[in-house]
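Residue numbers (the numbering used here): 1 to 163.
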């Protein structure tokens, strides 16, 4: 899979790849933000893979300097799965929206924006989804700098992606 992605998208498309207990037999691919859309489109459209379902998208705050965004894809045809991890700087956590590639990402990106402050550039309607518009207090509810909950969030939401 890694060599196919690097051939189709470019040698820098996959920074790291692993298979481990965090996902069972599914690979975890670390992708740079600028290659995310191309890698996801390839994994969705390539007949050998057909990862046509975005199961989940979530963020993990990794103080002091980074945030991670995970995309868990499945092939409805084969049942195979793959996870992608994108690392963004904590001070300006921006990455491209994939809502046009995977419609399920629409609300999931909004939730990650609402709770972590992740900005999905090109999102058709990036605004709060769970917290009220007039929320008073920390703007990004689950960001570790606000309440120190990053370890709790990592355990509860992203334990299988913690590596």
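We put the CB at the ideal spot given by N, CA and C, even for glycine.
DSSP beta-bridge partners of residue i
i           : result
residue 81  : 74
residue 119 : 94
residue 19  : 27
Exposure label - residue i; buried when at least 16 CB within 10 Å
i           : result
residue 121 : exposed
residue 13  : buried
residue 35  : buried
residue 82  : buried
residue 91  : exposed
residue 111 : buried
Cβ-Cβ distance between residue i and residue j below 9 Å
i           : j           : result
residue 57  : residue 108 : yes
residue 101 : residue 40  : yes
residue 79  : residue 69  : no
residue 73  : residue 118 : no
residue 116 : residue 65  : no
residue 27  : residue 67  : no
residue 31  : residue 85  : yes
residue 38  : residue 4   : no
residue 88  : residue 33  : yes
Beta-carbon proximity list for residue i, same chain, < 8 Å, skipping 5 on both sides
i          : result
residue 97 : 105, 109, 120, 121, 122, 123, 124 and 126
residue 46 : 4 and 8
Beta-carbon proximity list for residue i, same chain, < 6 Å, skipping 5 on both sides
i           : result
residue 114 : 128, 129, 130 and 131
residue 2   : 14 and 17
residue 71  : 57 and 84
residue 55  : 72 and 74
Close-in-space but distant-in-sequence residues of the same chain around residue i (CB under 7 Å, 5 per side omitted)
i           : result
residue 75  : 49, 50, 51 and 52
residue 164 : Residue 164 lies beyond the residue range present for the chain, which begins at 1 and ends at 163; the question has no answer from this structure.
residue 6   : 13 and 14
*What alpha helix (DSSP H) runs, 4 residues minimum, are completely inside the stretch 30-116?*
For the stretch 30-116, the full-length alpha helix (DSSP H) segments reaching 4 residues or more read 36-45 and 105-116 along the chain.
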